[in-house]
Amino acid sequence: VGDPLVILHGLFGSKRNWKSLAKAFSRELHRPVYTLDLRNQGSSPHVPGMTYLHMAADVLHFCETHKLKHVSLMGHSMGGKVAMAFALNPALPTSLLSNLIVVDIAPSIGSISDEFMGYIDAMRAIEAEGFKTRKEADALLQKWEKDPSIRAFLLTNFIPGTTHSPHGKFQVPLGTLANAIPEIGSFPYKLGQRTWEGNTLFIKGQKSKYINRHNIHTLHDYFPNMELEKLDTGHWGE
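In this text, residue positions in the sequence shown follow the UniProt record's numbering: the first is 1, and each later residue adds one.
Next comes the structure, spelled out in structure tokens:
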């Protein structure tokens, strides 16, 4: 059995997004693969603090609890920033992290796109309407998001109503996520403050703006032993 691969999802995501890929990685690479739900998402606990240092500490706790060593850590979007914060932690045990894979995000500070706050507004509107079915929720969500694949991704968080609880709801704490949006645009380490010298792969979506000419220099500044690969895709794999 090979060394473990740990995968971190992005904002509004969960470990379920990676289920089929994780199985394929495990089969092809002959190594254990762990997909985690970050705090306040998926089946993880709802707690008030949602900084990158909080989330990186959660991942460290998971790795130490499961006695993982020589981990390859991969994160997409917000999960990529968590993975980078994990690698840059000055208290990181030396034998814990072997490889870092960051999918379509840079270690830079920038305001989160308005679309993310719009998604939270949409989810609040859906809950306020008391919709029971995902179909009803999807119809209203179209006002905020035209792409059906992104709507389907967002609605993985929707829990349809039942006979006993007729109104559908979202499994994520919308108030906590709304308060965390400014924090999610930040990054906990300043340029020149920390570096991680290990093997680092950045993957950029060619149709995505998240790694761009304004922040691309930060990749090497924090992670000098890095490579950049580009895929013909957008931020969400569309």
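Even glycine gets a Cβ: it sits at the ideal position worked out from N, Cα and C.
Predicted model, so just to flag it, every value in this text is computed and none were measured.
On the premise that residue j lies in contact with residue i, defined as a C-beta separation below 8 Å, what is that separation, rounded to the nearest angstrom?
i	j	result
Leu73	Asp58	Going by Cβ atoms, the distance from Leu73 to Asp58 rounds to 13 Å, so no, they are not a contact pair.
Thr176	Asn40	5 Å
Thr133	Pro166	Not a contact, Cβ separation roughly 11 Å.
Val33	Leu5	5 Å
Leu191	Asp147	Actually they do not touch by this definition, with Cβ atoms about 34 Å apart.
Alpha carbons only, please: which of the options is nearest the one belonging to residue i?
i	options	result
Phe116	Ala106, Glu183, Phe25 and Gln206	Glu183
Leu141	Leu88, Gly118, Val103 and Val33	Gly118
Ile181	Thr51, Pro32, Pro4 and Val47	Thr51
Asn179	Gly49, His9 and Thr195	Gly49
Gly2	His70, Phe223, Asp104 and Asn225	His70
Phe62	Gly80, Phe86 and Ser77	Phe86
Gly237	Ser208, Leu60 and Ser113	Ser208
Asp104	Asn89, Thr65, Leu8 and Pro93	Leu8
Gly79	Thr195, Ile216 and Gly185	Gly185
Leu174	Glu145, Gly42, Tyr34 and Met55	Gly42
Glu197	Ala122, Phe223 and Lys190	Phe223
Ala152	Thr163, His164, Thr162 and Ala137	Ala137
Lys169	Arg124, Lys19, Ala91 and Leu11	Arg124
Thr233	Arg213, Leu100, Arg194 and Ile203	Ile203
Gln206	Leu228, Arg31 and His220	Leu228
Phe12	Leu154, Pro188 and Asp221	Leu154
His66	His30, Leu36, Ile101 and Lys23	Leu36
His76	Leu100, Glu64 and Ala122	Leu100
Val102	Leu201, Asp221 and Arg194	Leu201
Tyr210	Ile150, Ser111, Pro148 and Lys23	Ser111
Please classify residue i as buried or exposed, where buried requires at least 16 other C-beta atoms within 10 Å of its C-beta.
i	result
Ala83	buried
Pro107	buried
Lys230	exposed
Gly130	exposed
Asn89	buried
Lys81	buried
Ser14	buried
His235	buried
Ile109	exposed
Asn17	buried
Leu97	buried
Ala91	exposed
Ala56	buried
Gly10	buried
Thr94	exposed
Leu219	buried
Ala122	buried
His54	buried
Pro45	exposed
Where does residue i fall in DSSP's three states?
i	result
Met226	strand
Ile109	coil
Lys190	coil
residue 242	Residue 242 is absent from the model: the chain starts at 1 and stops at 238.
Ile211	coil
Lys204	strand
Phe116	helix
Thr133	coil
Leu11	coil
Thr218	helix
Open item on the list: Report the start-end ranges of each beta strand (DSSP E) in the stretch 39-114 that is 3 residues or longer and not cut off at the edges.
Closed with: 71-76 and 97-103, all fully within the stretch 39-114.
Open item on the list: Which runs of the alpha helix (DSSP H) at least 4 residues long sit entirely within the stretch 121-186? Give them in chain order.
Closed with: Fully enclosed alpha helix (DSSP H) runs of 4 or longer: 134-141, 148-154 and 174-184.
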